[in-house]
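Colleague: According to our numbering, the sequence shown holds residues 1 to 558 in order. All C-beta atoms in this analysis are idealised placements derived from N, C-alpha and C, irrespective of residue type, glycine included. I have a structure I would like to understand better, so I am pasting it below and will then ask my questions one at a time.
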Amino acid sequence: MADGKYDGASHQVIDYLKSLDQRISKIEEQMGYSVASEPISETEPAPIPINDEMPDSFEFNLGEFWFAYIGIFVLMVGCLLLMSHPVSTVHPVIPTITGFLVAVGMYYFGHVWRESYKFIALHLWGAAYILLFFATFRLFQSVGMSTATIPWFQDSALLLIGILTWMNSIRHKSAYLNVVSLTLVAFAALVINQPVITLTLNLAVAALFVFTYQRSGRLSVFIYGSLLVYLVHLHWALGNPLLGEKIALVSQYNLNLMFLLLYTIIFSSALFWFKPEPAENETEADREITLYANALANGLVGAIIYSVFLVLHKLPSIIPAEFTLFAVYFTLAVALWRKIQINIYTITFTLIAFGALSIGVIGATQPPDLYIYLIWQSLLVLATAIWFRSKFIVAANFFIFLLVFARYSAVAGFDGIISISFGIVALISARLLNWQKNRLTIQTELMRNAYLFVAFISIPFTLWKSLPGHFVGLAWLALTVLYYGMGLLLKNGKYRWMAHFTLFATILYILIYATTGFEPTYRILTFVLLGLVLIGLSILFSHFHSKLDSEKQNLSTG
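Shown next, in the form of structure tokens:
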């Protein structure tokens, strides 16, 4: 009975809800509301089974693009080999004419396929321009250079082909054709083989590569352009051996070295003149790779070639050339630092700059005086590294300082103003590192302690070897007071411990030597001053001890 009662009540509720829904629907119709129908759920289509016979994207790229690239390249190389090594039974002009015909055919099919197969068309045009350039060069070579006008026509024709290729690349906005055109212009500069014209054209090629990189954003264009320009310059400086000339170093060493620095400046402009800010689609990783490429493919390669030629030219004095290298590289490092702060470019250029400065100093002075310049240059490098916030430069400078210190100590011992300079520079370096440790974010105290150890060892030994015996104790005593003063002023316990050890050494020295070897006047003066210093130190420590105890009592009572 109860179950039937509940069933009847539920049916009444359902009927009531249905009638209520009908009334609400009529009211909505009268008020102009349209009843929204519920969306019909669509069944998801069944997944299409994977066909293993269909090529994937890699296979499509390989078949559609790379087969065409390789085919065009192989055809072009075959024609170049035909023109370079003609068949003996065929007239020498025939392979050259064949090269012209193949070039015209490639250009024609590139023009036909420029809309449907643009990627093939661009590569066909590039190969056509290369064949046209080389066929023109071979044609003039087969004709011979019997008159003075023939080389002029040859140079003009080759340069014109490179310029036309450049214009076509600009019209089609093609970085590939741009690279081809600049390569042809660089090769034309080598064929011209006139120092000023060749180097000026090569410098223009460097500037245009920077322009192409700025427009396309392709790092491969920059790397290729940088290496090409330096290799072309290297080939020219060695006498154009690939063009049939003997390997011989050019005599114009001023032009040789000057243009190498100009290339470095031009390629560096890609970072802070033409492209000062990252592009919108450029990630931080891309930016770092760009800096690495400029530092290595531009700065490092240029510096190595510059240094090699500096040795090969056997100049009477390398000082002006090394100082010029320092000025250029250091200026570029500072310029980029002001733009985008520390990076591998700044580190590389700074190290190269100070390396050149060190070589210049070594060439300008003789031992042992050169150690003075190297020591104080170390302080300049450290200040620069702190300014650039470069822990790498700080570490490199630290190890070089230790090597120079070990070398001088092994050869000359601790004697004279040079050893004093080691100690003073070590003290200043340690102070700079402690003062700017937050800027450098250096957590370890190893380098600073090593600098202090060098100062602690070199200064007392230098005073001992350089001064008369009756002045050594007084000098060490003055050094002790200096260390205590630095510890008190800077509130640094390391200087106090240096003072403790120096004072202990002073007491031993005075007790051993002053009692027997000193004259009465110096003996009395030494003992009096030592006594006054010890009493003063005792009073000073008592004062600070009582002050510390009173502060502890105030803290405990408070």
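Which whole-angstrom value is the C-beta distance of Phe140 and Ile161, which I expect to be below 8 Å?
Modeller: Here residue 140 is taken as the residue at index 140 of the sequence shown, counted from 1. Here residue 161 is taken as the residue at index 161 of the sequence shown, counted from 1. Between Ile161 and Phe140 the Cβ distance is about 12 Å, and since that is not below 8 Å, they are no contact.
Colleague: My understanding is that Ala121 touches Arg114, with C-beta atoms under 8 Å, so please give their C-beta distance in whole angstroms.
Modeller: Taking the first residue of the sequence shown as position 1, residue 121 is located at position 121. Taking the first residue of the sequence shown as position 1, residue 114 is located at position 114. Ala121 to Arg114, Cβ: 4 Å. Contact.
Colleague: Which one of Ser181, Asn240, Gly355, Leu75 has the shortest CA to CA distance from Ser307?
Modeller: Residue mapping note: residue 307 aligns to position 307 of the sequence shown, counting from 1. It is Gly355.
Colleague: With a cut-off of 8 Å on the beta carbons, I'd call Tyr224 and Val179 a contact; round off their distance for me.
Modeller: As a working mapping, residue 224 is identified with position 224 in the sequence shown. As a working mapping, residue 179 is identified with position 179 in the sequence shown. Right, their Cβ atoms sit about 6 Å apart.
Colleague: In chain order, what residues of the same chain have a beta carbon less than 8 Å from the beta carbon of Pro316, not counting five sequence neighbours either side?
Modeller: Indexing the sequence shown from 1 puts residue 316 at position 316. No residues qualify anywhere along the chain.
Colleague: Report the residue from Thr212, Phe456, Ser466 whose alpha carbon sits nearest the alpha carbon of Ala499.
Modeller: Position 499 of the sequence shown, counting from 1, holds the residue named residue 499. For Ala499, the nearest C-alpha among the options comes from Phe456.
Colleague: What's the C-alpha gap between Asn240 and Ile192?
Modeller: For this step, residue 240 is matched to residue 240 along the sequence shown. For this step, residue 192 is matched to residue 192 along the sequence shown. So the alpha carbons of these two residues sit roughly 11 Å apart.
Colleague: Using CA atoms only, rank isn't needed, just tell me which of Val528, Gln22, Thr212, Leu312 is closest to Ile247.
Modeller: For the purposes of this step, residue 247 is identified with residue 247 of the sequence shown, where counting begins at 1. The option with the nearest alpha carbon to Ile247 is Leu312.
Colleague: Is it buried or exposed, Val112, if we count other Cβ atoms within 10 angstroms and call 16 or more buried?
Modeller: Along the sequence shown, one-based indexing puts residue 112 at 112. With fewer than 16 other Cβ atoms within 10 Å, it is exposed.
Colleague: So is Glu322 buried or exposed if we call it buried at 16+ other beta carbons inside 10 Å?
Modeller: Position 322 of the sequence shown, counted from the first residue, corresponds to residue 322. That one is buried.
Colleague: Pick out whichever of Thr462, Leu82, Leu452, Gln252 has its Cα sitting closest to the Cα of Arg496.
Modeller: Looking up residue 496 in the sequence shown gives position 496. When each option's Cα is compared against that of Arg496, the closest is Leu452.
Colleague: Please determine, among Ser216, Thr96, Ala128, Gln22, the residue with the shortest C-alpha to C-alpha distance to Val74.
Modeller: Start at 1 with the first residue of the sequence shown, and residue 74 comes out as number 74. Checked all of Ser216, Thr96, Ala128, Gln22; the closest Cα to Val74 is Ala128.
Colleague: Just how far apart, CA to CA, sit Leu219 and Phe211?
Modeller: The sequence position of residue 219 within the sequence shown is 219, counting from 1. The sequence position of residue 211 within the sequence shown is 211, counting from 1. The alpha-carbon atoms of Leu219 and Phe211 are separated by roughly 12 Å.
Colleague: Let's test the definition: count the other Cβ atoms within 10 Å of the Cβ of Thr441 and tell me whether it reaches 16, buried, or not, exposed.
Modeller: Along the sequence shown, one-based indexing puts residue 441 at 441. The residue is exposed, with fewer than 16 neighbouring Cβ atoms inside 10 Å.
Colleague: Can you say whether Gln22 is buried or exposed, counting buried as having 16 or more other CB atoms within 10 angstroms of its CB?
Modeller: The sequence position of residue 22 within the sequence shown is 22, counting from 1. Result: exposed.
Colleague: What first and last residue would you give for the alpha helix (DSSP H) that runs through Asn343?
Modeller: As a first step, residue 343 must be located in the sequence shown, where it is residue number 343. No alpha helix (DSSP H) holds Asn343; DSSP gives it neither H nor E.
Colleague: Classify Ile512: buried if its beta carbon has 16 or more other beta carbons within 10 angstroms, exposed otherwise.
Modeller: Walking along the sequence shown from the start, residue 512 turns up at place 512. The residue in question, Ile512, is exposed, as its Cβ has fewer than 16 Cβ neighbours within 10 Å.
Colleague: Does the structure place the region 392–403 close enough to the region 364–373 that three or more beta carbon pairs sit under 8 Å?
Modeller: No, because fewer than three Cβ pairs between the region 364–373 and the region 392–403 fall closer than 8 Å, the two stretches do not touch.
Colleague: For Arg389, which three-state DSSP category applies?
Modeller: Here residue 389 refers to the residue found at position 389 when the sequence shown is read from its first residue. Reduced to three states, the DSSP call for Arg389 is coil.
Colleague: If you drop the 5 nearest sequence neighbours on each side, which residues of the same chain put their C-beta closer than 7 Å to that of Gly126?
Modeller: Position 126 of the sequence shown, counted from the first residue, corresponds to residue 126. Excluding sequence neighbours, Gly126 sits near Tyr176, Leu177, Val180.
Colleague: Find the nearest neighbour of Ala186 within the set Leu296, Ile150, His235, His172, judged by alpha-carbon distance.
Modeller: On the sequence shown, residue 186 is found 186 positions in, with the first residue counted as 1. Selected option, being the one with the closest Cα: His235.
Colleague: From Ser390, Phe392, Lys391, Ser421, pick the residue whose C-alpha is nearest to that of Phe405; which is it?
Modeller: Along the sequence shown, read from residue 1 onward, the residue named residue 405 stands at position 405. Checking every option, the nearest Cα to that of Phe405 belongs to Ser421.
Colleague: I need the DSSP call for Glu115, collapsed to helix, strand or coil.
Modeller: Counted from its first residue, the sequence shown places residue 115 at position 115. Glu115: coil per DSSP, three-state reduction.
Colleague: Taking the CB atoms as reference points, tell me whether Thr350 and Leu300 lie closer together than 8 Å.
Modeller: Walking along the sequence shown from the start, residue 350 turns up at place 350. Walking along the sequence shown from the start, residue 300 turns up at place 300. Against a cut-off of 8 Å, the Cβ pair of Leu300 and Thr350 comes out as no contact.
Colleague: Classify Ile442 as helix, strand or coil using the three-state DSSP reduction.
Modeller: On the sequence shown, residue 442 is found 442 positions in, with the first residue counted as 1. Note: Ile442 maps to coil in three-state DSSP.
Colleague: Could you give the distance in angstroms between the alpha-carbon of Ala450 and the alpha-carbon of Ala188?
Modeller: For the purposes of this step, residue 450 is identified with residue 450 of the sequence shown, where counting begins at 1. For the purposes of this step, residue 188 is identified with residue 188 of the sequence shown, where counting begins at 1. Taking the straight line joining both Cα atoms gives about 57 Å.
Colleague: Going by DSSP, what residue range makes up the alpha helix (DSSP H) through Gln214?
Modeller: Numbered from 1 along the sequence shown, position 214 holds the residue referred to as residue 214. Taken as a continuous stretch (DSSP letters only), the alpha helix (DSSP H) holding Gln214 covers 195–216.
Colleague: Please classify Val608: is it buried, with 16 or more other beta-carbons within 10 angstroms of its beta-carbon, or exposed?
Modeller: No answer is possible for residue 608: the residues shown for the chain start at 1 and end at 558.
Colleague: Is Leu238 helix, strand or coil by DSSP?
Modeller: Taking the sequence shown and counting its residues from 1, the one referred to as residue 238 is at position 238. It is coil, neither helix nor strand.
Colleague: Considering Asn186, what are the terminal residues of the alpha helix (DSSP H) in which it resides?
Modeller: The residue given as residue 186 occupies position 186 in the sequence shown. Looking at the sequence shown, residue 186 is not Asn but Ala. Counting along the chain, the alpha helix (DSSP H) containing Ala186 begins and ends at 175–192.
Colleague: Please say whether Phe137 and Ala206 have beta carbons closer to each other than 8 Å?
Modeller: Against the sequence shown, residue 206 aligns to sequence position 206. Against the sequence shown, residue 137 aligns to sequence position 137. Their beta carbons are not under 8 Å apart, which means Ala206 does not touch Phe137 by this criterion.
Colleague: Tell me the DSSP secondary structure of Pro151 in three-state form.
Modeller: As a first step, residue 151 is located in the sequence shown; it is residue number 151 there, counting from the start. Here Pro151 sits in helix by DSSP.
Colleague: Taking the continuous alpha helix (DSSP H) assigned at Asn256, which residues delimit it?
Modeller: As a position in the sequence shown, residue 256 is number 256, starting the count at 1. 253–272 is the extent of the alpha helix (DSSP H) around Asn256.
Colleague: Roughly how many angstroms lie between the CA atoms of Phe461 and Leu370, to the nearest whole one?
Modeller: In the sequence shown, the residue the question calls residue 461 occupies position 461. In the sequence shown, the residue the question calls residue 370 occupies position 370. Roughly 21 Å between the two C-alpha positions.
Colleague: By the DSSP assignment, the alpha helix (DSSP H) with Thr365 in it spans what residues?
Modeller: Mapped onto the sequence shown, residue 365 falls at position 365. That residue, Thr365, is in no alpha helix (DSSP H); it is neither H nor E in DSSP.
Colleague: How should Ala410 be labelled, buried or exposed, when 16 other C-beta atoms within 10 angstroms of its C-beta is the threshold for buried?
Modeller: Along the sequence shown, read from residue 1 onward, the residue named residue 410 stands at position 410. It is exposed - the Cβ of Ala410 has fewer than 16 other Cβ atoms within 10 Å.
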